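The number in this note's numbering is simply the position in the sequence shown, starting from 1, with 3 added. Just so you know, even glycine gets a beta-carbon here, dropped at the ideal spot from N, CA and C. Predicted, not measured: the structure shown is a model, and the values here were computed from it. Here the structure comes first, spelled out in structure tokens, and everything after it is commentary.
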Amino acid sequence: MNGSHPVDISILVQVAETLESIVSRCFGPHGGLVLFTKATGELLITRDGQKILSSLLLEQPIAKIIVHSAVAHCHVTGDGTKSFILLLAALLRGLRVMVMRETTRSTGRHGQHGLQLKLLSDHLLAFQTQVLDHIVRCHLRQCASSLFLSDRDCKVTRSNAKLLLEAYFYGKVGANHCQSLSTLACDYYLKCTGGDQCNEVVGFICDHFEELHTKVVGIPSSSSRILEGLVLHRDFTEYWPTEEELKILVITEPLQPPLVDASATLYLQSDQQLQSSCAWIHQRVQEILSRLSVSGVRLILSSVKQTDLVLYHAKLNRISVVECMDPEELSLFCSISGAAPVSPWDIFLDQPTHLAQAQFCKSILLGAHRYAHVGITSKSLCPQYCIVLCGPVSGLTIQCASAFHGAFKMLRQTLQPLESRYGPHETSENIELQNGIDCVVSSINVCPAEGEAYGGTDRVEQPRQCLARNLIPGGMHHSEPLHFHSCHVKEECCGDKLLEPHCTCNIGDATSIMKRTIELNAKSTGDNSLVINAQIDLIPSPTREEECLCTLIAPGSVFPVGGSFELLLHYHLLKYASHCLDPGTKAVCNLVANALLSIPRNIYTAGKSTRHFLHVYTKAMRDIQSEGRVRDGPKMLESVSCKYQLLISTLECMRSLICIDCFIVGTRRVSPPASP
Numbered sequence: 004m005n006g007s008h009p010v011d012i013s014i015l016v017q018v019a020e021t022l023e024s025i026v027s028r029c030f031g032p033h034g035g036l037v038l039f040t041k042a043t044g045e046l047l048i049t050r051d052g053q054k055i056l057s058s059l060l061l062e063q064p065i066a067k068i069i070v071h072s073a074v075a076h077c078h079v080t081g082d083g084t085k086s087f088i089l090l091l092a093a094l095l096r097g098l099r100v101m102v103m104r105e106t107t108r109s110t111g112r113h114g115q116h117g118l119q120l121k122l123l124s125d126h127l128l129a130f131q132t133q134v135l136d137h138i139v140r141c142h143l144r145q146c147a148s149s150l151f152l153s154d155r156d157c158k159v160t161r162s163n164a165k166l167l168l169e170a171y172f173y174g175k176v177g178a179n180h181c182q183s184l185s186t187l188a189c190d191y192y193l194k195c196t197g198g199d200q201c202n203e204v205v206g207f208i209c210d211h212f213e214e215l216h217t218k219v220v221g222i223p224s225s226s227s228r229i230l231e232g233l234v235l236h237r238d239f240t241e242y243w244p245t246e247e248e249l250k251i252l253v254i255t256e257p258l259q260p261p262l263v264d265a266s267a268t269l270y271l272q273s274d275q276q277l278q279s280s281c282a283w284i285h286q287r288v289q290e291i292l293s294r295l296s297v298s299g300v301r302l303i304l305s306s307v308k309q310t311d312l313v314l315y316h317a318k319l320n321r322i323s324v325v326e327c328m329d330p331e332e333l334s335l336f337c338s339i340s341g342a343a344p345v346s347p348w349d350i351f352l353d354q355p356t357h358l359a360q361a362q363f364c365k366s367i368l369l370g371a372h373r374y375a376h377v378g379i380t381s382k383s384l385c386p387q388y389c390i391v392l393c394g395p396v397s398g399l400t401i402q403c404a405s406a407f408h409g410a411f412k413m414l415r416q417t418l419q420p421l422e423s424r425y426g427p428h429e430t431s432e433n434i435e436l437q438n439g440i441d442c443v444v445s446s447i448n449v450c451p452a453e454g455e456a457y458g459g460t461d462r463v464e465q466p467r468q469c470l471a472r473n474l475i476p477g478g479m480h481h482s483e484p485l486h487f488h489s490c491h492v493k494e495e496c497c498g499d500k501l502l503e504p505h506c507t508c509n510i511g512d513a514t515s516i517m518k519r520t521i522e523l524n525a526k527s528t529g530d531n532s533l534v535i536n537a538q539i540d541l542i543p544s545p546t547r548e549e550e551c552l553c554t555l556i557a558p559g560s561v562f563p564v565g566g567s568f569e570l571l572l573h574y575h576l577l578k579y580a581s582h583c584l585d586p587g588t589k590a591v592c593n594l595v596a597n598a599l600l601s602i603p604r605n606i607y608t609a610g611k612s613t614r615h616f617l618h619v620y621t622k623a624m625r626d627i628q629s630e631g632r633v634r635d636g637p638k639m640l641e642s643v644s645c646k647y648q649l650l651i652s653t654l655e656c657m658r659s660l661i662c663i664d665c666f667i668v669g670t671r672r673v674s675p676p677a678s679p
């Protein structure tokens with residue numbers, strides 16, 4: 004149906020709840036599987052949220068936007084599509100209640116929904132950049148555990164990596180294949196990185212996973228293994244086994260020179276000229292292969308098909324040939340080995356750097372296919388191992404490969420620091436702190452330098468009442484003075500300006516901000532000059548061992564699975580909202596805090612869980628109040644960075660949805676055929 008269709012908050016909730024009803028059945032440790040039937044009659048059984056959402060045939064534009072946002076988030080973090088839908092549905096439900104209540108309270112009409120949503124969109128943006136980052140930096144970061152042995156020794160222990168990967172695969176493929184895949188992924192990570200924090204290696208695996216793994220169908224999943232070297236997904240055209248180290252040549256064009264270039268024309272006057280030309284080509288190919296044999300080349304990797312003449316002379320010189328290779332796979336080989344493609348005309352030049360070194364070259368049978376297996380000698384950080392993923396059927400094998408790829412995306416997100424939207428001295432708290440200090444300075448009468456006559460009144464104005472408001476983030480007001488810790492700064496009036504202290508102000512948590520004070524003692528000297536002693540206690544700047552202030556989440560930060568992140572953030576958001584006097588910020592904090600409970604609620608109330616959600620919630624709140632963290636959770640771990648990114652992506656999606664006024668559905672008109 005063509006035309007313009009208005010988008011109301013109720014429509015957004017209906018679409019989100021429809022998607023929620025699909026993914027909630029396979030969410031959590033006791034979630035089930037989803038069965039899809041394709042048009043070809045093929046069955047797909049999976050619990051992968053990305054695969055489920057991508058397999059849906061959607062016509063609703065709002066549903067397409069939500070699915071696209073969830074899949075885009077999964078491409079970055081490797082997981083979180085089901086949590087994305089659950090959290091978004093809870094946010095939209097809470098938003099609908101909020102909008103209905105505010106609209107009825109203010110006007111009693113439903114025509115103001117759009118205006119309320121636009122205002123809330125602005126508050127959401129401020130919430131992300133100010134409140135959320137502040138709480139994560141000051142509260143959640145201190146409660147997180149680390150995958151590393153220590154702050155100085157950035158080595159990931161096998162036990163921690165196994166716990167993190169187990170939790171990931173449990174949600175992706177279920178309990179049947181969780182242990183085998185997590186062990187395999189942990190072994191592969193430790194082999195490629197040695198346990199070090201090698202973000203480049205993990206990123207390299209993520210970017211070239213298609214070339215680094217081989218899927219084998221018809222074999223049990225327990226047969227999956229790690230192989231040294233690289234499996235080239237082509238068989239040998241000519242194969243000569245060798246037991247010693249060898250050199251490899253990479254080419255991207257035929258070794259046999261053409262009789263004539265494509266842009267030229269060859270005029271032959273007799274058969275003798277044709278025979279002479281063919282003889283020259285034959286001699287040229289023979290010289291090229293002989294030269295390669297003398298140089299120690301025992302394998303030729305070609306992205307194009309070689310002629311029978313080249314293969315014949317390669318066989319005479321005991322040189323193996325793999326032709327018609329995928330360009331991306333050949334590029335990966337060059338990246339790992341350090342080789343470069345060589346033109347046939349440059350083979351006679353002395354350029355040994357263009358050749359790759361290999362420890363072995365052999366044929367390997369994986370399932371029903373035979374491939375070339377090469378052991379590359381490389382000094383770079385690129386991984387020199389490949390993975391073989393097996394499965395009894397094609398669908399399960401593809402799911403295991405997708406989950407394995409997503410696991411390394413999750414590791415990449417976990418092992419890199421998550422930076423703040425502000426610089427180290429430009430956080431929202433520091434900006435407001437600077438505004439508050441400027442307010443104090445501007446309220447004080449400036450006096451001449453020491454030794455000069457003071458012409459103004461002999462008094463100092465009191466700091467303005469706006470100081471407390473500027474120093475408390477999120478529009479909070481408090482009657483208590485603000486106090487800063489750890490240093491004393493003496494400021495003197497000199498000329499027309501106030502000398503600035505050589506220190507910076509870094510704010511801690513929101514609760515301690517309300518307890519800080521600034522004491523200004525103005526003393527008048529005998530020569531009518533004025534010296535202002537500002538006793539400002541500042542938080543010490545982070546040391547070299549500590550995390551930089553601009554880093555929200557340190558590398559390797561993890562929480563126990565089971566909703567620890569959501570429960571902890573829920574508690575601090577409610578605590579922040581209880582002290583906040585700004586209505587918009589307070590409403591958004593309560594909205595997000597209540598929506599976060601949808602994830603642990605689905606975990607502990609679905610399936611055959613022995614603990615009820617209310618019992619878990621009560622115990623978690625008691626632990627946070629007494630110790631500042633959730634105790635006695637499951638032993639498996641989940642990434643703090645991925646959880647934070649999930650919340651940010653969901654809020655961004657909700658902001659995009661509530662800004663939509665209407666959508667237009669149209670069909671493409673087919674132009675009539677032209678008349679003869």
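From the DSSP output, in three-state form, read off residue 55 for me. helix
Nearest to residue 231 by alpha carbon, out of 361, 153 and 10? Between residue 231 and the set 361, 153 and 10, the nearest pair of CA atoms involves 361.
Suppose contacts are defined by Cβ-Cβ distances below 8 Å. Is residue 307 in contact with residue 255 by that definition? yes
Among 185, 605 and 194, which one has its Cα closest to the Cα of residue 166? 185
Specify the secondary structure class of residue 207 as computed by DSSP and reduced to three states. Here residue 207 sits in helix by DSSP.
Does the distance from the CB of residue 206 to the CB of residue 415 come in under 8 Å? yes
Tell whether a beta-carbon distance below 8 Å holds between residue 324 and residue 240. yes
Between which two residues does the beta strand (DSSP E) containing residue 217 stretch? 216–220
Whose C-alpha, out of 58, 92 and 26, is nearest the C-alpha of residue 599? 92
Over what stretch of residues does the beta strand (DSSP E) that includes residue 376 continue unbroken? It spans 372–379 - the beta strand (DSSP E) in which residue 376 sits, taken as one unbroken run.
Can you tell me whether DSSP reads residue 9 as helix, strand or coil? strand
So, under 8 Å CB-CB, residue 557 and residue 420 are touching, yes? Tell me the CB distance rounded to an integer number of Å. 6 Å
Tell me residue 412's beta-bridge partners as DSSP assigns them. DSSP lists no partner for residue 412.
Closer than 8 Å is the cut-off here; do at least three beta carbon pairs connect the stretch 49–56 with the stretch 130–144? Judged by Cβ distances under 8 Å, the stretch 49–56 makes no contact with the stretch 130–144, as fewer than three pairs qualify.
If you follow the beta strand (DSSP E) that residue 37 is in, where does it begin and where does it stop? 37–40
For the stretch 58–75 and the stretch 83–90, state whether three or more C-beta atom pairs, one from each stretch, are separated by less than 8 Å. As far as the Cβ criterion goes, the stretch 58–75 touches the stretch 83–90, which means the pair count is three or higher.
Beta-carbon separation of residue 313 and residue 258 under 8 Å? yes
Please state whether DSSP places residue 659 in a helix, a strand or coil. helix
Smallest Cα separation from residue 16: which of 298, 102, 577 and 561? The shortest C-alpha separation from residue 16 is found at 102.
Reducing DSSP to helix, strand and coil, say where residue 1 ends up. Only positions 4 to 679 of the chain appear in this structure, which leaves residue 1 out of reach.
Quick one: Cα of residue 653 to Cα of residue 341, how far? 42 Å
Grab me the residues of residue 183's own chain with a C-beta within less than 8 Å of its C-beta, minus the 5 sequence neighbours each way, in chain order. The answer, listed in chain order, is 224, 225 and 227.
Tell me, please, which residues DSSP counts as bridged to residue 388. In DSSP, residue 388 forms a bridge with 231.
For residue 422, which three-state DSSP category applies? strand
What does a CB cutoff of less than 6 Å around residue 660 pick up in its chain, not counting 5 residues either side in sequence? 15
Could you check whether the stretch 237–252 touches the stretch 383–397, counting it as contact only if at least three pairs of C-beta atoms, one from each stretch, sit closer than 8 Å? no
Under a three-way DSSP split, which group does residue 302 fall into? strand
List the DSSP bridge partners of residue 665. 9
Paired residues, beta bridge with residue 559 - DSSP: Beta-bridge analysis with DSSP links residue 559 to no other residue.
Express the C-alpha separation of residue 73 and residue 650 in angstroms, rounding to a whole number. 11 Å
CA-to-CA distance, residue 187 to residue 83, given in whole angstroms: 22 Å
Measure the C-alpha to C-alpha separation of residue 129 and residue 588 and round it to an integer number of angstroms. Going by the C-alpha atoms only, they are around 8 Å apart.
State whether the stretch 591–605 contacts the stretch 561–577, with contact taken as three or more CB pairs (one from each stretch) at a distance under 8 Å. yes
Name the two residues that bound the continuous beta strand (DSSP E) containing residue 608. Looking at the DSSP string, residue 608 is not in any beta strand (DSSP E); the run it does join, the alpha helix (DSSP H), is 601–608.
Within 10 Å of its beta-carbon, does residue 270 have 16 or more other beta-carbons around it, so buried, or fewer, so exposed? exposed
Which whole-angstrom value is the C-beta distance of residue 379 and residue 233, which I expect to be below 8 Å? 6 Å
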